[in-house]
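FYI, in the numbering used here the residues of the sequence shown are 613 to 1301. Ideal Cβ placement from N, Cα and C applies to all residues, glycine included. Values in this document were obtained by computation on a predicted structure and should not be read as measured data.
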Amino acid sequence: MHWKEEGYIAPPARFIGQANAADPDIFQRFAEERFPECFKEYADLLDWDAYWHTTLDTSDPPFWKWFVGGRLNACHNCVDRHLATQRNKAALIWVPEPESEATLAITYQELHKRVNEFAALLRDFCELKAGDRVTFHLPMVPELPVSMLACARLGVIHSEVFGGFSGTACGDRIADSGSRVLVTMDGYFRNGELADHKVKADEAVDAAAKLGADVDKVLVWRRRPGAYASQSPMVDGRDFFVDDLLQTYRGKQVEPVSMPADAPLFLMYTSGTTARPKGCQHSTGGYLAYVTGTSKYYQDIHPDDTYWCMADIGWITGHSYIVYGPLALGTTSVIYEGVPTYPDPGRPWRIAERLGVNIFHTAPTAIRLLRKLGPDEPRKYGYRFKHMTTVGEPIEPDVWRWYHDVVGKGEAVVVDTWWQTETGGFLGSTLPALQPMKPGSCGPGVLGVYPVIYDEDRNVVEAGSGNAGNICIRNPWPGIFQTIWGQPERFVDLYYRKYCADPDSKDWHDWPYLAGDGAMLADDGYFRILGRVDDVINVAGHRLGTKELESAAITVEEVAEAAAVPVLDELRGRAVEMYISLKPGITGGDDIRGKVIAAIETQIGKIARPQNVWIVSDMPKTRSGKIMRRVIASISNFADVGDTTTLSNPEIVDDIRHQVQSEKLARGEAPRPLTPEEEAEIKAFGRTE
Ligand code: WTA
613 MHWKEEGYIA PPARFIGQAN AADPDIFQRF AEERFPECFK EYADLLDWDA YWHTTLDTSD
673 PPFWKWFVGG RLNACHNCVD RHLATQRNKA ALIWVPEPES EATLAITYQE LHKRVNEFAA
733 LLRDFCELKA GDRVTFHLPM VPELPVSMLA CARLGVIHSE VFGGFSGTAC GDRIADSGSR
793 VLVTMDGYFR NGELADHKVK ADEAVDAAAK LGADVDKVLV WRRRPGAYAS QSPMVDGRDF
853 FVDDLLQTYR GKQVEPVSMP ADAPLFLMYT SGTTARPKGC QHSTGGYLAY VTGTSKYYQD
913 IHPDDTYWCM ADIGWITGHS YIVYGPLALG TTSVIYEGVP TYPDPGRPWR IAERLGVNIF
973 HTAPTAIRLL RKLGPDEPRK YGYRFKHMTT VGEPIEPDVW RWYHDVVGKG EAVVVDTWWQ
1033 TETGGFLGST LPALQPMKPG SCGPGVLGVY PVIYDEDRNV VEAGSGNAGN ICIRNPWPGI
1093 FQTIWGQPER FVDLYYRKYC ADPDSKDWHD WPYLAGDGAM LADDGYFRIL GRVDDVINVA
1153 GHRLGTKELE SAAITVEEVA EAAAVPVLDE LRGRAVEMYI SLKPGITGGD DIRGKVIAAI
1213 ETQIGKIARP QNVWIVSDMP KTRSGKIMRR VIASISNFAD VGDTTTLSNP EIVDDIRHQV
1273 QSEKLARGEA PRPLTPEEEA EIKAFGRTE
């Protein structure tokens, strides 16, 4: 099962002939000796109101500032500037989940109108101004990019919370960001059902209030204007239907506010090692330049392409590579409301065929699912992709090959893009016309990004050594987040402290960025990403923090202790298993398991629902009382538990193993044997404690 080094696959000549980056000279332009000025090439893809005087300011490490002195507006760059030549081209094509509902094409002209009207509403009705924060809890509807761009027009910082998160999780993020306004929707279609979404807004406002944050206004877009899709009553004086309010703002124009390049554009929350989520703050100029440049060269987006990224806009992939990057390039970006397998696993290919999609972008989880449910479906449809992306998790070589051979019909280049919420855009990928593909490896560092792998003692792990280590980026790049909102010390601690050579140094060379992933580097300079080395579990491409799961579980009265661990899952990559121990004198089974699941769903969302909740008599612990997560993770995955002699209660290990593994065997849930890489990942789990 070991992932051997795979052979190379060359890009098709037809792709190379039309690619944005087809001249190898580009590697010289982005060579390390040209850093940081090389990134002028990305910034020059944008319209600037004022040109910058300093490309990279490193005076306050690691709070890098890009394009200092420059001013621009992100909404102008994504919308207004395309009006002159292509106002009647589709900016967005929205595909509702019900197949009976018509596809909606929103031209650049129409997008401009909608964005201006909503910006006028935000400014005049909500009294929002540059620097204020607004939280969105919106599903995959065009109102989401409209809302984002309206904020960008005003310099208001948007903070979109993934629609699948619970109301409580949204409320935590409202409070953390200090938003007074929540923008939501009444309902949306998912798996054939109209889900009630507004009800989560009420939970969110309550959760925020408990944390001392007051929401004055809840703006509710209606999935069908005029028809309310939710059971939850509108609260007088607080909740407003956006379609009603917009009557007043019809045809209103709002001047784009010229923002400093380093003004924050948005926050995107992600999970980390503590229960408090991290609001990754992204800049206007650096971020927009970076996603535009990488969309052009790595996604190979031309203005006349039809580009479809199936990610959710509620995650960073959607922000960077559905909205900001593609629209800055003036292309047509497709948004699909629902699940890829509804009503059948041919759906994505029907959409691609009907709309003439030629660039397709999705995650390994979706590929695995589509392969399992409809291995031959792609052949039935006449679409032709020139380019496809995979993102979010390591992709197994055989899954990669199905994607390339069957989905891509052997005609499309595939890029495996490795990056993170924090990094704004791609970090590792092949440049599609110039570097061959290698299944299972993302490729080298992207243009202007220089990765390195360090071991625990800051020694460089050499290419071809066969050893894994912590992948870092040696240099700053324009897409890197600016800070964790409200927690600058945590920003420095988590991402820079470990390998910082000298905390007083103003030289960026001393401040490598720690990504938190394990990786290996082959002789050819291609990286293979192994997965998280911190307490984050990547479930179907969604990052879940173990501490968040555990704190949700211990809100159940009967629960004394809780530990969350990853377990291999053929479709989702990883799934979550919870181990809990009960307070003295308490006994129980399914009732308590049910409560734990309910608590997790309420506090985080259904995406975090554990696969199993094991009630154990005690947790394996170190002598200082810490739960040894790697031991239970090994048990859940039928892996070797390793050395348990340092435990204060080693005898418990066999009890738990017997309890869990016999039950799993009885249910046919035993996983396949782990690869050496997976084994290493499980062993490392919980190491950051
Ligand atoms: C993982 C998603 C392997 C990685 C853009 C990273 C990947 C985390 C890849 C970030 C890839 C992302 N191959 N692993 N191509 N892309 N990851 O913040 O562990 O949701 O740290 O950003 O996903 O997840 P996030």
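Any non-hydrogen atom of the ligand WTA closer than 6 Å to residue i Cβ
i: P1006; result: yes
i: V1003; result: yes
i: I1141; result: yes
i: I928; result: yes
i: Q859; result: no
i: I1155; result: First, the amino acid is wrong: residue 1155 is Arg here, not Ile. Yes, since a heavy atom of the ligand WTA falls inside the 6 Å radius drawn around the Cβ of R1155.
i: D661; result: no
i: C1054; result: yes
i: T1033; result: yes
i: T882; result: yes
i: D1028; result: yes
i: D1129; result: yes
i: R726; result: no
i: R785; result: no
i: R1302; result: The requested residue 1302 does not occur in the structure, where the chain is confined to residues 613 to 1301.
Own chain residues within Cβ distance below 8 Å of residue i, not counting five before or after
i: H724; result: V691, D692, L695 and R699
i: P976; result: T1002, G1004, E1005, P1006, I1007, E1008, V1011, G1153 and G1185
i: D855; result: W833, R834, P837 and G838
Proximity test, residue i beta-carbon vs the ligand MG heavy atom, cut-off 6 Å
i: C921; result: Of the ligands this structure carries, namely the ligand WTA, none is the ligand MG.
Counted within 10 angstroms of its Cβ, other Cβ atoms place residue i as buried (16 or more) or exposed
i: G1078; result: exposed
i: M613; result: Because the pLDDT at M613 is just 37, under 50, the model does not fix this residue reliably, and the value given afterwards should be weighed accordingly. Answer is exposed; the Cβ neighbour count stays below 16.
i: T670; result: buried
i: N1071; result: exposed
i: L589; result: Absent from the model: residue 589. The displayed extent of the chain is 613 to 1301, so no value can be given.
i: H665; result: exposed
i: T1042; result: buried
i: A1172; result: exposed
i: H973; result: buried
i: W1226; result: buried
i: D1147; result: buried
i: G1022; result: exposed
i: L733; result: buried
i: S1117; result: exposed
i: I1216; result: buried
i: D874; result: buried
i: S759; result: buried
i: A820; result: buried
i: F639; result: exposed
i: T929; result: buried
i: Y663; result: exposed
i: E1293; result: buried
i: R991; result: exposed
Sequence-distant residues of the same chain with beta carbon closer than 7 Å to residue i, five excluded per side
i: T719; result: R699, N700, K701, A702 and A703
i: C1112; result: D1122 and W1123
i: G1076; result: A1134 and D1135
i: M1231; result: E1173, A1175, Y1191, S1193 and I1239
i: N1150; result: E1005, G1143, R1144, G1185 and R1186
i: S1163; result: A887
i: A1045; result: P623, F627, I628, A631, A633 and A634
Residues near residue i in its chain [Cβ-Cβ closer than 6 Å; skip 5 each side]
i: L716; result: W706
i: P957; result: L982, L985, G986 and E989
i: G629; result: none
i: G1081; result: I1065, Y1066, D1067 and V1073
i: A926; result: Before going further, note that residue 926 is Gly rather than Ala in the sequence given. Answer for G926: E772, F774 and G775, listed in chain order.
At 4 residues or longer, what runs of the alpha helix (DSSP H) sit wholly inside the segment 1226-1251?
1241-1248
Could you pull out every unbroken beta strand (DSSP E) segment of at least 3 residues lying fully inside the segment 658-733, listed in chain order?
666-669, 677-680, 702-707 and 716-719
Tell me the start and end of each unbroken alpha helix (DSSP H) in the segment 1114-1139 that is at least 4 residues and wholly inside, in chain order.
none
3-residue-minimum beta strand (DSSP E) runs that sit fully inside the segment 726-775, ordered along the chain:
745-749 and 769-772
Give, in chain order, every unbroken run of the beta strand (DSSP E) that is at least 3 residues long and sits entirely within the segment 943-972.
944-948
Contiguous beta strand (DSSP E) assignments of at least 3 residues, all confined to the segment 794-823
799-802 and 805-808
Would you list, in sequence order, the uninterrupted beta strand (DSSP E) runs of no fewer than 3 residues that lie entirely inside the segment 834-900?
851-853, 876-882 and 890-895
Whole beta strand (DSSP E) runs in the segment 1000-1043 with 3 or more residues, listed along the chain?
1025-1029
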